[in-house]
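J.: If you scroll down you'll find the structure; I have some questions about it.
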Amino acid sequence: MAHPLMDSDPTVLTPQSARSPLTADNTVHEAWERLCATGDTAAVISRDGRPVAVLTRPAVEQALAAGMAGTPVARVADLVPVPVDRSADALATLRAFTRAAWDWLLHDRGR
20 MAHPLMDSDP TVLTPQSARS PLTADNTVHE AWERLCATGD TAAVISRDGR
70 PVAVLTRPAV EQALAAGMAG TPVARVADLV PVPVDRSADA LATLRAFTRA
120 AWDWLLHDRG R
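Heads up: the sequence shown begins at 20 in my numbering, then just goes up one per residue.
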């Protein structure tokens, strides 16, 4: 007899935790399910363990309304995290924002 919290079939994959980050390959539908399960208003999208975008509930709702349930979340993410060195000057900070914007435009948006 299997333990109630354990699947008796070892070949069945355990679903991702509702709190684990989304990847750029997750679909809009998967993001919606994750947001509903957690009650969060946004989810972080990660690549190689690094946050690359933030997907908000309104962006997911808009994508679902447009029939984009199977679309990768990277295509509909609406916020971009920017790593900023607090000791950097204004020009270095501006370059960090510019790099983050180009990374999002060229990689996550599929352009």
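C-beta: ideal position from N, C-alpha, C; glycine also.
Would you tell me roughly how many angstroms separate the C-alpha atoms of Val47 and Val92, rounded to the nearest one?
T.: Counted from its first residue, the sequence shown places residue 47 at position 28. Counted from its first residue, the sequence shown places residue 92 at position 73. Approximately 5 Å, taken between the alpha carbons.
J.: Following the continuous alpha helix (DSSP H) through Thr117, name the residue where it begins and the one where it ends.
T.: For this step, residue 117 is matched to residue 98 along the sequence shown. Note, Thr117: alpha helix (DSSP H), 109 to 122.
J.: Checking 8 Å against the spacing of the C-beta atoms, do Leu98 and Thr112 come in under that value?
T.: What you label residue 98 is simply residue 79 of the sequence shown in a count that begins at 1. What you label residue 112 is simply residue 93 of the sequence shown in a count that begins at 1. No, these two residues do not count as a Cβ contact at 8 Å.
J.: For a test of your reading of the model: does the CB of Ala84 fall under 7 Å from any non-hydrogen atom of the ligand FAD? Yes or no.
T.: The model depicted lacks the ligand FAD and carries no ligand whatsoever.
J.: If I measure Cβ to Cβ from Ala78 and keep anything under 6 Å in the same chain, skipping five residues before and after, which residues do I get?
T.: Within the sequence shown, numbered from 1, the residue matching residue 78 stands at position 59. Answer for Ala78: Val95, Asp97, listed in chain order.
J.: Going by beta carbon distance, what residues of the same chain come within less than 7 Å of Pro102, once the five residues before and after it are set aside?
T.: Your numbering for residue 102 matches position 83 in the sequence shown. Within the same chain, Pro102 has close Cβ partners Ala115.
J.: Please go through the stretch 65 to 107 and give each complete alpha helix (DSSP H) segment of 4 or more residues, from N-terminal end onward.
T.: Runs found: 76 to 84.
J.: Hey, how far is the Cα of Asp44 from the Cα of Ala120?
T.: Mapped onto the sequence shown, residue 44 falls at position 25. Mapped onto the sequence shown, residue 120 falls at position 101. Approximately 19 Å, taken between the alpha carbons.
J.: CB Thr41 to CB Ile64, shorter than 8 Å?
T.: Counting from one through the sequence shown, the residue named residue 41 turns up at place 22. Counting from one through the sequence shown, the residue named residue 64 turns up at place 45. Thr is not the amino acid found at residue 41; the sequence shown has Leu there. For Leu41 and Ile64, yes; Cβs fall inside 8 Å.
J.: Which two residues bound the contiguous alpha helix (DSSP H) that contains Thr57?
T.: Locating residue 57 in the sequence shown gives position 38, where the first residue counts as 1. Residues 47 to 57.
J.: With a cut-off of 8 Å on the beta carbons, I'd call Ala62 and Arg53 a contact; round off their distance for me.
T.: Counted from its first residue, the sequence shown places residue 62 at position 43. Counted from its first residue, the sequence shown places residue 53 at position 34. Their Cβ separation, rounded to whole angstroms, is 6 Å, which keeps Ala62 and Arg53 in contact under 8 Å.
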